[in-house]
């Protein structure tokens, strides 16, 4: 059996999708996207999630590269990683835009 090799593009899309695969993370991203500057504060104070839960979600988003954070005691600064945000937007756009069956009969029941 031959191991399947996934492209770098497929791997990046999957990583972003995994990071966004929780409603709390979507809420965090939506909150940060509405900020004019980086957010200094505790996300758990803004959103209805516990501090430990917020930390886990922020770590997942940061590990995926969708946000960046910096500890500035006693607070943490959070920002969307604009470069990776743009990349994710392009990758998801290409991914969802590739279905050619929308104009044909292939998906009819």
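In my numbering, the protein residues as written are 3 to 111.
Where is the CB? At the ideal position from N, CA and C, for every residue including glycine.
Computed from a predicted structure; not experimentally measured.
| Asked | Found |
| --- | --- |
| Which one of 101, 103, 100 and 86 has the shortest CA to CA distance from residue 19? | 86 |
| May I ask which residues mark the beginning and end of the beta strand (DSSP E) holding residue 38? | It is not in any beta strand (DSSP E) - residue 38 carries neither H nor E in the DSSP assignment. |
| When you compare each of 9, 8, 15 and 6 to residue 88 by their alpha carbons, which one comes out closest? | 15 |
| Between which two residues does the alpha helix (DSSP H) carrying residue 71 extend? | Unbroken run through residue 71 is the beta strand (DSSP E), 69-74; no alpha helix (DSSP H). |
| From what residue to what residue does the alpha helix (DSSP H) around residue 45 run? | 45-48 |
| Does the Cβ of residue 35 have 16 or more other Cβ atoms within 10 Å, making it buried, or fewer, making it exposed? | exposed |
| Excluding the 5 residues preceding and the 5 following residue 11 in the sequence, name in chain order all residues of the same chain whose CB lies nearer than 7 Å to its CB. | 93 |
| Taking the continuous beta strand (DSSP E) assigned at residue 7, which residues delimit it? | Taken as a continuous stretch (DSSP letters only), residue 7 belongs to no beta strand (DSSP E), as it is neither H nor E. |
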